[in-house]
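Below: one structure, written as structure tokens.
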Amino acid sequence: MSAKRPKRIPTLSHLQRVCVTEATTATKATNIPQALRKRKRNSSSTASSVTAVCVDSSGDERDGTAKEGERNDYEEHGEELEDEDEDEPDPPIPISFSISVYSKKEFKKSIKNRRATASGILKLDNSLSEYKFCRAVYKKVRKLASVVASEDNTRILFTIARSVPNPIELDDESTTFEHMMETASVMTKPAVTLAVVLDDGNETSSSDEKDAGKATKTRKKSKVPSEKDIDPANASINLKIQLLRNKYICNTADGSDHCYVNENGKHIPLGHSHFRTWAAAMEDGTCTDEAPPNHHLFDENAPSQSSLLQRRIAAQANARAPATPVINNHFTIPDALLNFLPRTDQDRLPPLTLAPASASTPASAPAPALVSALIPASVPASAISDTLLPPGTMISMLAEQP
1 MSAKRPKRIP
11 TLSHLQRVCV
21 TEATTATKAT
31 NIPQALRKRK
41 RNSSSTASSV
51 TAVCVDSSGD
61 ERDGTAKEGE
71 RNDYEEHGEE
81 LEDEDEDEPD
91 PPIPISFSIS
101 VYSKKEFKKS
111 IKNRRATASG
121 ILKLDNSLSE
131 YKFCRAVYKK
141 VRKLASVVAS
151 EDNTRILFTI
161 ARSVPNPIEL
171 DDESTTFEHM
181 METASVMTKP
191 AVTLAVVLDD
201 GNETSSSDEK
211 DAGKATKTRK
221 KSKVPSEKDI
231 DPANASINLK
241 IQLLRNKYIC
251 NTADGSDHCY
261 VNENGKHIPL
271 GHSHFRTWAA
281 AMEDGTCTDE
291 APPNHHLFDE
301 NAPSQSSLLQ
311 RRIAAQANAR
321 APATPVINNH
331 FTIPDALLNF
341 LPRTDQDRLP
351 PLTLAPASAS
361 TPASAPAPAL
371 VSALIPASVP
381 ASAISDTLLP
391 PGTMISMLAE
401 QP
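Here my numbering is used: position 87 in the sequence shown is 87, and no number is missing along the way.
Here it is in structure tokens:
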């Protein structure tokens, strides 16, 4: 029987190897960043000394053996640096905001017909709060459009290309502002379009004031003349013109409001030239308001006496109707069909006469002239069938032909 082996008593070198192995595993588990390892040269030398102890178990503490206090200091210092690296904030990202200022009335129009009062570009960081962002936008609008923008009279809407195509208004909820900043920050070239809508009562653009000043300069004065502006020499004539207008009002539908009916009962339309001539003649005493003066305007035979409407109606009534188009039909008859048509009265077939039935000539037999016209003389009688005719009828008809 073999003797049992005695149990191995752990030596000092074995205990050192176990402790150093556990320390190396804990150092690797800390997962220190590569940049930290490059900055700390002491950490690499310490790790080398620890690995050297694992390889060499001679127990010589002077050759590359890490002290327990130094290893603990390295682990604590590494953890502190790692926490500082994690808490370091990201650098701010600059975002370009394209601002367009609209009035409330102008913003209701379609995008194609919408015209901005002013526009500009504002660059801000994504690290700003919503309050500071709005303050910066209001300040930019005040500089662009010369208006005092505030939260009470201003609306801010944003759009982002290929991400937020429809305008979204920045309201009291912070989620809308955060959504705008987060969406713009991930873009290659962060850009946001802002539409600032102002109330119509607060819009006092300098360009509009200039346009209003130009309009007042070019506008013509339209003033109703008063009695002082009328020449005293024409006052009497104007009264007579008004008298004639009130007297000769035409109630017939002849196209004129004022007419004079002469002795023949013909309506002579009256215009301003007629009233002015009549009133001037009354002023001279050559006529009265009952009869017009002897003037070519009041001649019923003058071609220009009819009103414009009457002349147009007469022209339409006397308009020549368009001529009826002439249609010529050309028919081409083939020569083969002409042989069947009678050319002269002699070639026409005689009328068919039915004779009373007899033993020699039955009622169903056709006339000899019809048979001779239908059957040529060159056709022999033996070639004609007597199926539809009584026996011997066709032969007797052909025999009677001249």
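A virtual CB, placed ideally from N, CA and C, is assigned to each residue, including glycine.
For residue i, is the classification buried or exposed, using 16 other Cβ atoms within 10 angstroms of its Cβ as the cut-off for buried?
i, result
"V196", "buried"
"I156", "buried"
"Y260", "buried"
"T154", "buried"
"H272", "exposed"
"L315", "It is worth fixing the name first, because residue 315 is Ala in this sequence and not Leu. Per the 10 Å Cβ criterion, exposed."
"P292", "buried"
"Y131", "exposed"
"K140", "buried"
"I121", "exposed"
"V148", "exposed"
"I333", "exposed"
"A184", "buried"
Helix or strand or just coil, what does DSSP make of residue i?
i, result
"S119", "strand"
"A291", "coil"
"L239", "helix"
"I313", "helix"
"Y260", "strand"
"N246", "helix"
"A323", "coil"
"R114", "coil"
"H274", "helix"
"L124", "strand"
"V101", "strand"
"E283", "helix"
"V141", "helix"
"L170", "coil"
"L36", "Its pLDDT being 45, under 50, L36 is placed unreliably in this model, and the coordinates cannot settle the point."
"A191", "strand"
"T332", "coil"
Report back the beta-carbon spacing between residue i and residue j to the nearest angstrom; my notes put them in contact at under 8 Å.
i, j, result
"I93", "P190", "6 Å"
"N262", "E290", "Actually they do not touch by this definition, with Cβ atoms about 12 Å apart."
"I99", "L194", "5 Å"
"N126", "M181", "5 Å"
"F97", "L124", "6 Å"
"S103", "L198", "6 Å"
Can you give me the C-alpha to C-alpha distance between residue i and residue j, rounded to a whole angstrom?
i, j, result
"D445", "L244", "Because the chain spans 1 through 402 in this model, residue 445 falls outside it and cannot be assessed."
"A118", "Y138", "13 Å"
"G265", "I249", "15 Å"
"M282", "T288", "6 Å"
"P336", "A323", "The identity of residue 336 in the sequence shown is Ala, whereas the question assumes Pro. Taking the straight line joining both Cα atoms gives about 39 Å."
"A145", "D171", "23 Å"
"I237", "F298", "19 Å"
"H274", "H267", "14 Å"
"M187", "R135", "24 Å"
"V326", "P269", "44 Å"
"F331", "F340", "17 Å"
"R142", "P167", "22 Å"
"H258", "K247", "9 Å"
"E178", "S150", "21 Å"
"V192", "F133", "13 Å"
"D152", "K105", "17 Å"
"H296", "T286", "15 Å"
"I423", "P91", "Examination of residue 423 is not possible in this model, given that the chain is present from 1 through 402 alone."
"A235", "R115", "54 Å"
Any heavy atom of the ligand NAD within a distance shorter than 7 Å of the CB on residue i?
i, result
"I333", "The ligand content of the structure shown is nil, which means the ligand NAD is not present either."
Query raised in the report: Should the segment 315-330 be called in touch with the segment 270-281, which here means at least 3 C-beta pairs below 8 Å?
Result: no
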